[in-house]
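In this note's numbering, the protein residues as written are 40 to 150. Below is one structure, written out as structure tokens; comments come after it.
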DNA sequence: GTTTTGACGTAGC
DNA sequence: CGCTACGCCAAAA
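In structure tokens, the structure reads:
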């Protein structure tokens, strides 16, 4: 039992809360959980071991780019999954990224 | 145990 | 406007 497991789990939970057709970024989640963006990406790497499967494709970098596609089974899978969610992807970048951006500080805002 | 690296982000030059 | 540097923290070597 380690603290890192707890942080990973928190990342997983937040990612799972992302609605269909929405995306978010590592940095925002990191900031929301009080960690670093790198660790969030690291958590995503471990996400495939988590059940149910974490929608890692909905988590992108600050630029809205599919930076982590290379970590999927196939580099195309990440884009396809996003498109299946109704998210348009062009040149490894999400279209209307700001429009579909899902911010935990707003959506999960604690009054 | 130390060193390197990594699905990031911001600041500086 | 592109590259370097640094901070962040954890996993792998």
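We put the beta carbon where it would ideally sit given N, CA and C, even for glycine.
Buried or exposed, going by whether 16 or more other CB atoms sit within 10 Å of the CB of residue i?
i, result
"residue 51", "buried"
"residue 149", "Low local confidence applies: a pLDDT of 49 at residue 149 is under 50, so the model's placement there is unreliable, and no value is given."
"residue 113", "exposed"
"residue 94", "buried"
"residue 88", "exposed"
"residue 125", "exposed"
"residue 152", "The structure shown does not extend to residue 152, since the chain is modelled only from 40 through 150, so no value can be given for it."
"residue 77", "exposed"
"residue 101", "exposed"
May I ask you to list the residues that DSSP assigns as paired with residue i?
i, result
"residue 75", "For residue 75, which the question treats as bridged, DSSP gives no partner whatsoever."
"residue 132", "104 and 129"
"residue 144", "In DSSP, residue 144 forms no bridge with anything."
Could you check where the alpha helix (DSSP H) with residue i kicks off and where it finishes?
i, result
"residue 119", "114-123"
For my contact list, residue i and residue j are in at a C-beta cut-off of 8 Å; report their separation, rounded to the angstrom.
i, j, result
"residue 47", "residue 72", "Actually they are not in contact, since the Cβ atoms of residue 47 and residue 72 sit about 10 Å apart, beyond 8 Å."
Quiz prompt | Unbroken stretches of the beta strand (DSSP E), 3 residues or longer, contained in the region 47-109 | solution = Here no run is fully enclosed.
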